[in-house]
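If you read the sequences in order, they're chains V and F. The first sequence runs 0 to 220 under numbering that gives the first Met the number 0. The second sequence runs 0 to 235 under numbering that gives the first Met the number 0. Glycine included, C-beta positions come from ideal geometry on N, C-alpha and C. The model shown is predicted, which means the values in this text are computed figures rather than measured ones. Right, one structure below, let's go through it.
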Amino acid sequence: MNLRLTTVGPVLAALADEVTPDQQNAFSLGLCWAEAVARKTSTDVASAAYFTALSAELGRIAWIVTDAGTDSYTASGGVTNPAQAVTEIAGQYMPASQVIPLTSALQNIASEDPDARLAGFMTTWWDNLDQSLTSSIFATCPLSLNRNGQLTTTLCFTDFSTARMDWQSFFVSRVTSKTAIQVRHIKISLNQALWNQIEAEIANKLGDAAKRAIQNIDIDL
Amino acid sequence: MPPIQLSLAPGGIAVGYRTVSQDAIDAYLYTQTKAQMTARAVNPDPTSEPYYQAMVTAMAQLGWIEARANPFVHAAGGAPKTPLAVITEALIGFITEAIPSVSFNSAQIDGYLQDFYQALETAPAEVTANLDSLWSNTAVSVDTRVMTFGPLFEVLSAPTVATALISLKISGDSWRCLIEPSSDFELRAAPVAMALNMATYRGFEAGLKAELAADLTNRINTVDLDLGGCRLEAAQ
Chain V
0 MNLRLTTVGP VLAALADEVT PDQQNAFSLG LCWAEAVARK TSTDVASAAY FTALSAELGR
60 IAWIVTDAGT DSYTASGGVT NPAQAVTEIA GQYMPASQVI PLTSALQNIA SEDPDARLAG
120 FMTTWWDNLD QSLTSSIFAT CPLSLNRNGQ LTTTLCFTDF STARMDWQSF FVSRVTSKTA
180 IQVRHIKISL NQALWNQIEA EIANKLGDAA KRAIQNIDID L
Chain F
0 MPPIQLSLAP GGIAVGYRTV SQDAIDAYLY TQTKAQMTAR AVNPDPTSEP YYQAMVTAMA
60 QLGWIEARAN PFVHAAGGAP KTPLAVITEA LIGFITEAIP SVSFNSAQID GYLQDFYQAL
120 ETAPAEVTAN LDSLWSNTAV SVDTRVMTFG PLFEVLSAPT VATALISLKI SGDSWRCLIE
180 PSSDFELRAA PVAMALNMAT YRGFEAGLKA ELAADLTNRI NTVDLDLGGC RLEAAQ
């Protein structure tokens, strides 16, 4: 089984098998661009202002919004497993084709002995997230193709309102008295023909910054 | 393999015929891109009422015809039918009546239903698992659910989006209630349909694509970026 992951800024993307390298690149560049625009509004990735600006910019660069919202949950006292919580909550907003790669990725990340390459990948991503954040915000973005062959994803920013910790600690189960969880989500599909017309210009303006912000991993487990 | 693909929209079920042409898909994509651009200028939040109203207005200006119907009610009693058949027949009947360019005959409706049943019966485990979740999440009381139901499909070469907000009063702990004949359920539906007038679209298609590309190029060249977040450094 292949585990395909991409990180772009605060977002961890899990890719379904049918997503091609060109589509993966389209997603990565587009998200990198949108994040760079959103940061001009706010650098707090946990904020509504950042998410709205990010969503709006994705909509400008050939992604079509088909659903969006913000929901709050409270996990009552007991054992909290962030990976499971993200899958269960985010899975309510996603079609089955997106839930599968997301669940698989998070299960591997949360396993007792993850692949060394995966561990290195996660450490690089997690450690480069904004250390000034006081809450653990976790952004997931499973990529798949919809019934019309369009690249589609549901971007979920899940804020656990817990203190920042290393990713290994964050993903293990632990006992808590209460956990407040807020999810901002948006479902988008790519207008590939329009993206093809602007891709080169976006890549050119991002320059090396794009390469610095994006990392990929493809592991045969 | 049935010609229908199922996907779950939040709070509901979306159905699409695989035979939707690339031409129809492109028309849908480009008009949606333009409509959303217009709506964002009114309010950048796609969950807001001003955004929604601006979208509906913009879509109408881009050749989409909207039609609404009075709520449809199916009372308990009578010959057993599946809730899915009631929903589908109501939705198709409404589209046929409200949008003159669209017409279905009974054989087409029966065929559509059979395709839908087959798609549900042969759905892979991950889809049925999500249907279980949908059934649970749409419950507003012990015996009442509220969900949306609607397809994007091509009718007479015109992309058509028809949705209905369904309130279903039925006893059952599984989504399979939707495909099991019964006389003991009550259903209320508020259908809304939008169909793209392709003749109108053809008149501005080339101009729309050129406008969108030019708008984007201008934005890319003028917008400011904060590249401060792009600083991945390899783990030590």
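C-alpha gap between residue i and residue j, whole angstroms
i        : j        : result
F/Thr216 : V/Asn195 : 12 Å
F/Tyr200 : F/Ala26  : 8 Å
V/Ala118 : V/Ala82  : 15 Å
F/Glu210 : F/Leu61  : 13 Å
V/Asp126 : V/Asp165 : 8 Å
V/Leu205 : F/Thr30  : 28 Å
V/Ala61  : F/Ala198 : 24 Å
V/Leu2   : V/Phe120 : 12 Å
V/Asp43  : V/Asp70  : 19 Å
V/Arg211 : V/Thr123 : 12 Å
V/Val36  : V/Arg59  : 11 Å
F/Asp44  : F/Leu224 : 21 Å
F/Leu186 : F/Glu204 : 40 Å
F/Met54  : V/Ser110 : 44 Å
V/Lys186 : V/Gly68  : 9 Å
F/Ser6   : V/Asn145 : Any reading at F/Ser6 must be qualified, since the residue scores a pLDDT of 49, below 50, and its modelled position is unreliable; the value itself is stated next. Using only the alpha carbons, I get a separation of about 8 Å.
V/Leu101 : V/Ala89  : 9 Å
V/Glu34  : V/Leu53  : 6 Å
F/Ile24  : V/Gln167 : 43 Å
F/Asp172 : F/Ala34  : 40 Å
V/Val64  : V/Ala55  : 9 Å
V/Gln22  : F/Asp114 : 31 Å
F/Trp134 : V/Thr5   : 32 Å
F/Ala89  : F/Ala106 : 15 Å
F/Gln117 : F/His73  : 24 Å
V/Ala192 : F/Asp183 : 49 Å
F/Ala122 : F/Ile169 : 23 Å
V/Gly148 : V/Asp207 : 30 Å
F/Pro79  : V/Phe137 : 48 Å
F/Trp63  : F/Ile86  : 23 Å
V/Thr19  : V/Val182 : 28 Å
V/Ala47  : V/Ile216 : 30 Å
V/Leu128 : F/Leu28  : 34 Å
V/Lys39  : V/Val10  : 18 Å
F/Gln21  : F/Ser47  : 31 Å
Residue i - containing alpha helix (DSSP H), residue span
i        : result
V/Leu57  : 47-59
V/Val7   : That residue, V/Val7, is in no alpha helix (DSSP H); its beta strand (DSSP E) goes 1-7.
F/Pro49  : 48-60
V/Leu30  : 20-37
F/Asn42  : Unbroken run through F/Asn42: none, as it is neither H nor E.
F/Gly206 : 197-221
V/Asp126 : 115-126
V/Ala89  : 81-89
7 Å Cβ shell around residue i - same chain, five flanking residues per side excluded
i        : result
F/Glu179 : Thr81
V/Ala202 : Leu28, Ala209
V/Leu57  : Gly29, Ala33, Ile187
F/Ala243 : Residue coverage of chain F in this structure runs from 0 to 235, which leaves residue 243 of chain F outside it and unanswerable.
Selected residue, minimal CA-CA separation from residue i, among the options
i        : options                                : result
V/Asp219 : V/Asn107, V/Phe50, V/Thr102, V/Gly58   : V/Asn107
F/Gly76  : F/Ile91, F/Gln117, F/Ser181            : F/Ser181
V/Ser8   : V/Tyr49, V/Gly58, V/Glu198, V/Gly90    : Checking the sequence shown, residue 8 of chain V turns out to be Gly, not Ser. V/Gly8 has its Cα closest to that of V/Tyr49, out of V/Tyr49, V/Gly58, V/Glu198, V/Gly90.
V/His184 : V/Ala115, V/Thr40, V/Pro113, V/Thr139  : V/Thr139
V/Asn190 : F/Ala212, F/Ser170, F/Glu120           : F/Ala212
F/Leu119 : F/Thr32, F/Met58, F/Trp174, F/Leu207   : F/Trp174
V/Thr157 : V/Thr86, V/Ala13, V/Glu17, V/Thr19     : V/Thr86
F/Cys176 : F/Ala194, F/Thr121, F/Leu83, F/Ala57   : F/Leu83
V/Ala84  : V/Cys31, V/Ala25, V/Phe170, V/Val18    : V/Phe170
V/Ile160 : V/Gln149, V/Ile180, V/Leu105, V/Gly148 : Reading the sequence as shown, one finds Ser at residue 160 of chain V and not Ile. Checked all of V/Gln149, V/Ile180, V/Leu105, V/Gly148; the closest Cα to V/Ser160 is V/Ile180.
F/Leu207 : F/Thr32, F/Asp22, F/Leu167             : F/Thr32
F/Ala57  : F/Gly110, F/Leu195, F/Pro79, F/Phe71   : F/Leu195
F/Pro70  : F/Gln52, F/Leu167, F/Thr221            : F/Leu167
V/Ala199 : F/Ala40, F/Ile219, F/Asp22             : F/Ile219
F/Gly227 : V/Ser41, V/Ala13, V/Ala25, V/Ala12     : V/Ser41
Range of the contiguous beta strand (DSSP E) that encloses residue i
i       : result
F/Phe71 : 71-73
V/Ala13 : 10-14
Contacts around residue i, its chain only, beta-carbon distance under 8 Å, and the 5 residues preceding and following it disregarded
i        : result
V/Gln97  : Ala15, Pro141, Leu142, Ser143, Thr151, Thr152, Thr153
F/Asp214 : Met36
V/Gln214 : Thr5, Thr6, Phe120, Thr123, Trp124
Cβ-based neighbour list, residue i, same chain, cut-off 6 Å, excluding 5 preceding and 5 following
i       : result
F/Asn42 : Pro49, Tyr50
V/Asp66 : Lys186
F/Ala8  : With a pLDDT of 46 at F/Ala8, under the threshold of 50, the modelled position of this residue cannot be trusted; read the value that follows with caution. Answer for F/Ala8: no residue qualifies.
Curious, which full-length alpha helix (DSSP H) runs of at least 4 residues does the stretch 145-215 of chain V contain? Fully enclosed alpha helix (DSSP H) runs of 4 or longer: 166-170, 191-205, 207-212.
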